[in-house]
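Peer 1: In UniProt numbering, the protein residues as written are 1 to 47. Let me begin by handing over the structure; questions about it come next.
Next comes the structure, spelled out in structure tokens:
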């Protein structure tokens, strides 16, 4: 979450707030997807 906040504030300082929010939301969705893939992989390896 700290990385997403850092990205939000970094982009917000140079670009409009809407673009920063969109980028942070995309990064959040990507992190959720990565967690789902990792958990699926862990389930296959341990199962």
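Beta carbons are placed, not taken as given, at the ideal position from N, Cα and C, and that holds for glycine.
Taking only three categories from DSSP, how would you classify residue 43?
Peer 2: By one-based count along the chain shown, residue 43 stands at place 43. The answer is helix: DSSP assigns residue 43 an H, G or I state.
Peer 1: What is the C-beta distance between residue 30 and residue 7, in whole angstroms, given that I count them as a contact (C-beta under 8 Å)?
Peer 2: Counting from 1 along the chain shown, the entry for residue 30 is found at position 30. Counting from 1 along the chain shown, the entry for residue 7 is found at position 7. That pair is no contact at about 11 Å.
Peer 1: With 16 as the cutoff for other CB atoms within 10 Å, does residue 53 come out buried or exposed?
Peer 2: Residue 53 lies beyond the residue range present for the chain, which begins at 1 and ends at 47; the question has no answer from this structure.
Peer 1: Output the distance between the C-alpha atoms of residue 20 and residue 12, rounded to the nearest integer angstrom.
Peer 2: Residue numbering aside, residue 20 sits at position 20 when the chain shown is read from its first letter. Residue numbering aside, residue 12 sits at position 12 when the chain shown is read from its first letter. Their Cα atoms are separated by approximately 5 Å.
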